[in-house]
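Counting from 1, one number per residue, gives the positions in the sequence shown under the working numbering. Beneath this line is the structure, given in structure tokens, with notes to follow.
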Amino acid sequence: MKAESVSPEELQLWLAGYVLGDLSPEEAERLEALLKLRPELHRELQALQQALETAYGVEEKQPPPALRASLLQAHAEQAAQPMRTPAWIAKGSRLWQRGLGAVAAGLIVALGLGNLYLWRRLQLAQTQGIPAEVLTYELQPTAENLAGSVKLEVDPQRLQGRLVAQGLPPLPEGRVYALWVVLEPEAPFTTDRAGAVLVAAFPVDETGNRQQELRLPPVFESTEWVRAVAITEEDGNRPQEHQGSPLWISG
């Protein structure tokens with residue numbers, strides 16, 4: 001492995017993964033190889049673990065046994081044989097090396113163990129293309145004689161959604177269905193008088209079906225602000241006036 005190929009962001013992820021004990025086999029292998037090239041990173045790992053234990057009083061979370069044994073062996077070998085500093089390290093990277101531990105330790109203190117784990121998962125999703133968790137809201141009819149089903153799939157990381165409506169009653173000309181997100185009262189967002197934000201207005205075809213990709217409002221970044229998702233019938237020219245009552249709503 002070429003050390004030059006490891007970006008600061010990727011290395012920060014590996015260090016966090018080591019502390020959390022959730023390195024993938026590939027990450028563990030690459031970190032092991034990097035530690036053989038850069039023994040000074042052992043000090044960074046120790047500093048991260050100490051910062052975590054000091055701030056939160058949690059027990060040390062060990063990496064996989066095979067990786068830990070390999071790391072200890074590599075550390076012993078490096079201690080016995082001083083290693084010449086590679087040229088690429090000497091060229092201005094020492095200041096960054098000293099800063100890396102402080103930045104990563106600061107993340108631990110600021111975020112905490114649980115949020116550090118979430119931060120790592122989010123960064124992996126962004127840097128490695130791992131899809132973020134998709135939330136699904138299943139809307140149920142509010143009346144027994146109301147047919148059809150509505151589902152909203154939400155990607156909170158990218159604020160993208162997908163609406164799937166099936167078997168809804170067709171509407172008269174000039175009328176549309178409106179998709180709303182109903183917020184918790186303390187949510188820090190501007191809402192209408194019903195405490196809702198309009199997501200989209202949409203028609204359905206003659207069979208009452210509709211599939212549509214959506215750009216979602218920022219409230220969907222956190223489920224703590226979302227009370228419900230609902231569908232109403234509105235005037236096609238002024239759906240934002242929110243005159244209708246919920247026809248389908250999430251539980």
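Built from N, CA and C at the ideal position, the CB exists for glycine as well. Keep in mind that this is a model prediction, so the values were computed, not measured.
Distance between residue j and residue i (C-alpha atoms, nearest Å)
| i | j | result |
| --- | --- | --- |
| VAL154 | ARG162 | 7 Å |
| PRO86 | GLU10 | In this predicted model, PRO86 has a pLDDT of only 39, less than 50, meaning its place in the structure is not dependable; the value taken from the coordinates is given anyway. Approximately 20 Å, taken between the alpha carbons. |
| ALA200 | LEU216 | 9 Å |
| GLU224 | ARG30 | 37 Å |
| PRO185 | LYS36 | 54 Å |
| LEU171 | LEU214 | 21 Å |
| GLN46 | TRP14 | 14 Å |
| ASN237 | PRO8 | 51 Å |
| LEU41 | LEU34 | 9 Å |
| ALA143 | GLN166 | 16 Å |
| LEU23 | GLY17 | 5 Å |
| ASN209 | LEU152 | 14 Å |
| ARG43 | GLU27 | 19 Å |
| ARG227 | ILE249 | 10 Å |
| PRO39 | GLN12 | 16 Å |
Beta-carbon spacing of residue i, residue j below 7 Å
| i | j | result |
| --- | --- | --- |
| VAL204 | TYR137 | no |
| GLY148 | LEU179 | no |
| LEU253 | THR191 | Residue 253 lies beyond the range of the chain shown here (1 to 251); nothing can be said about it. |
| VAL176 | GLU221 | no |
| LYS244 | THR232 | It is Gly, not Lys, that sits at residue 244 in the sequence shown. Yes, the Cβ-Cβ distance between GLY244 and THR232 is below 7 Å. |
| VAL181 | VAL219 | yes |
| HIS242 | ALA194 | yes |
Where residue i sits in the DSSP three-state scheme
| i | result |
| --- | --- |
| PHE220 | helix |
| GLU144 | coil |
| GLN243 | coil |
| GLU40 | coil |
| GLU29 | helix |
| LEU23 | coil |
| GLU10 | helix |
| LEU168 | coil |
Boundaries of the beta strand (DSSP E) in which residue i is found, first to last residue
| i | result |
| --- | --- |
| PRO141 | 135–141 |
| LEU183 | 175–183 |
| LEU159 | Premise fails: LEU159 is in no beta strand (DSSP E) and is neither H nor E. |
| SER250 | 248–250 |
| THR232 | 226–235 |
| ALA200 | 196–202 |
| GLU213 | 210–215 |
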